[in-house]
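Those letters in the sequence shown? Residues 1 to 299, per my numbering, in order.
Ideal placement from N, C-alpha and C gives every residue a C-beta, glycine not left out.
Quick caveat, the model's predicted, so the values are computed rather than measured.
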Amino acid sequence: MNPTRITVVEVGPRDGLQNEPASISTADKIEFVNRLSVAGLPVIEVSAFVSPKWVPQMADATAVFAGIARRPGTRYTALVPNLAGLDRAVDAGVNEIAIFAASTETFSRRNINQTIDESFETYRQVCARAREHDLRVRGYLSTAFGCPFEGPVDPARVAELAERLVDLGAFEVSISDTIGIAHPGQVPRVLDAVLLRIPVERVALHFHDTRGTALANVLAALAYGVATFDASAGGLGGCPYAPGAAGNLATDDLIYMLDGLGIETGVTLTALSEASAFIESKLDHRLPSRFAQAVRSRF
Ligand code: HMG
Ligand code: MG
């Protein structure tokens with residue numbers, strides 16, 4: 001049976017903007033996050049405390065956190081790749097952090113310059129220090145449905161790594177389709193393997209919509225009781241180290257579908273739509289969300 005309530009993790013300010021070639025001003029990022037807060041998003045991934053040499057768009061993470069107006073009830077989070085990132089995140093006053101491992105060695109090397117095992121050793125230290133600060137840690141597992149460099153990925157391997165993230169202390173693992181290759185035939189196969197190792201309450205899904213299957217994948221996962229989905233306003237997004245990765249599942253399209261199914265999210269679609277239109281006005285291209293396109297055409 002479908003869950004009656006879903007937690008939507010808004011990743012637009014991080015996963016979305018990290019891949020935009022145009023530099024977005026800190027003030028515009030703050031305004032974007034504030035509008036997402038007003039729309040009622042329960043979790044907003046505001047930025048990433050990664051190396052500014054690797055992802056220049058996220059270099060102002062501290063300033064963005066300092067400028068946002070925090071809505072009670074919303075968790076403001078950020079990616080953290082190492083202890084240096086954790087220290088910056090703590091100073092910025094994050095509510096929780098996210099670590100990010102990969103299912104495939106080549107992607108791990110390209111994204112964080114470490115083998116998978118090396119990254120787990122780094123994250124073991126990050127989790128230990130996060131606990132000292134009473135910070136919850138979310139885990140991402142990239143390339144879980146396919147890798148741009150290595151191709152298909154064995155669901156058993158995904159399940160094993162997801163369990164290792166939980167063993168490190170992650171309260172939830174976001175099983176991520178980095179390159180938007182998953183489809184509703186594959187989602188059950190991956191979930192069947194993952195749910196043998198970790199309970200469904202600890203599973204989130206993170207779809208990119210490269211092939212137009214993201215919403216269908218959510219429907220397939222709802223049937224398994226998965227109740228947390230990542231999405232980005234307007235469908236912003238990609239990954240700078242995954243060639244061809246297109247935008248995330250659009251939060252607007254997801255909320256429209258969940259509203260239609262009578263599933264509660266706490267998100268107000270009209271306000272979310274305004275947040276998407278705001279960030280679109282700062283870009284040199286249209287956002288891919290179909291809902292946003294319909295709003296633009298006044299359908
Ligand atoms: P490295 O070059 O191996 O490490 O990078 P390093 O320790 O030699 O650091 C290089 C430089 O960065 C040094 O500066 C460090 O001080 C600095 P220098 O001495 O040359 O002046 N540095 C930092 N500065 C600020 N904050 C830090 C930090 N760490 C090092 N935290 C590293 C290793 C992990 C740092 C690097 O590879 C990195 O930052 N990678 C992040 C890449 C990234 O953000 N990718 C996108 C996010 S993942 C994603 O999008 C997937 C996801 O959406 C799910 C999905 O769809 O699959 C989550
Ligand atoms: Mg992503």
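beta-carbon residue i near the ligand HMG non-hydrogen atom, thresh 7 Å
i: Tyr241; result: yes
i: Asp15; result: yes
i: Gly235; result: no
i: Gln18; result: yes
i: Asn111; result: yes
i: Gly151; result: no
i: Ala101; result: no
i: Leu310; result: In this structure the chain extends from 1 to 299, so residue 310 is not present and cannot be described.
i: Gly85; result: yes
i: Pro155; result: no
i: Ala130; result: no
i: Ser25; result: no
Test item: CB-CB of residue i and residue j under 8 Å
i: Pro42; j: Arg70; result: no
i: Leu236; j: Leu17; result: yes
i: Glu96; j: Arg138; result: yes
i: Ile263; j: Arg14; result: no
i: Ser119; j: Ala101; result: yes
i: Leu249; j: Leu215; result: yes
i: Arg145; j: Gln186; result: Residue identity check: residue 145 is Phe in the sequence provided, not Arg. Yes, the Cβ-Cβ distance between Phe145 and Gln186 is below 8 Å.
i: Ile30; j: Gln57; result: no
i: Val213; j: Pro184; result: Just to set this straight, residue 213 is Thr in the shown sequence, not Val. Yes, the Cβ-Cβ distance between Thr213 and Pro184 is below 8 Å.
i: Pro81; j: Pro148; result: no
i: Gly12; j: Gly234; result: yes
i: Ala271; j: Ala39; result: yes
i: Ala306; j: Phe32; result: The requested residue 306 is not part of the displayed model; the chain covers only 1 to 299.
8 Å contact criterion, which residue i and residue j should meet: CB distance rounded
i: Asp167; j: His206; result: Their Cβ separation, rounded to whole angstroms, is 20 Å, which puts Asp167 and His206 out of contact at 8 Å.
i: Asp291; j: Asp252; result: It is worth fixing the name first, because residue 291 is Phe in this sequence and not Asp. That belief holds up - the Cβ atoms of Phe291 and Asp252 are roughly 4 Å apart, short of 8 Å.
i: Arg109; j: Phe49; result: Between Phe49 and Arg109 the Cβ distance is about 21 Å, and since that is not below 8 Å, they are no contact.
i: Ile175; j: Val190; result: 7 Å
i: Glu368; j: Leu283; result: For residue 368 there is no data in the structure shown, the boundaries of the chain being 1 and 299.
Cα-Cα separation between residue i and residue j, rounded to whole angstroms
i: Gln293; j: Glu280; result: 11 Å
i: Ser273; j: Val94; result: 25 Å
i: Glu163; j: Tyr140; result: 12 Å
i: Val153; j: Phe107; result: 12 Å
i: Tyr224; j: Ser297; result: 35 Å
i: Asn34; j: Ala22; result: 21 Å
i: Ala227; j: Thr7; result: 6 Å
i: Ala170; j: Tyr123; result: 10 Å
i: Val46; j: Thr265; result: 19 Å
i: Ala193; j: Val203; result: 12 Å
i: Val126; j: Leu83; result: 6 Å
i: Pro316; j: Gly247; result: Here the chain has residues from 1 to 299 only, and residue 316 is not among them.
Residues that DSSP places opposite residue i in a beta bridge
i: Leu161; result: For Leu161, which the question treats as bridged, DSSP gives no partner whatsoever.
i: Thr77; result: Glu45, Glu96
i: Phe229; result: Val8, Leu205
i: Ala102; result: Ser142
i: Ser176; result: His206
Cβ-heavy atom distance, residue i to the ligand MG, below 7 Å
i: His285; result: no
i: Ser176; result: yes
i: Asn248; result: yes
Heavy atom of the ligand PLP within 7 Å of residue i beta-carbon
i: His206; result: This structure lacks the ligand PLP; its bound ligands are the ligand HMG and the ligand MG.
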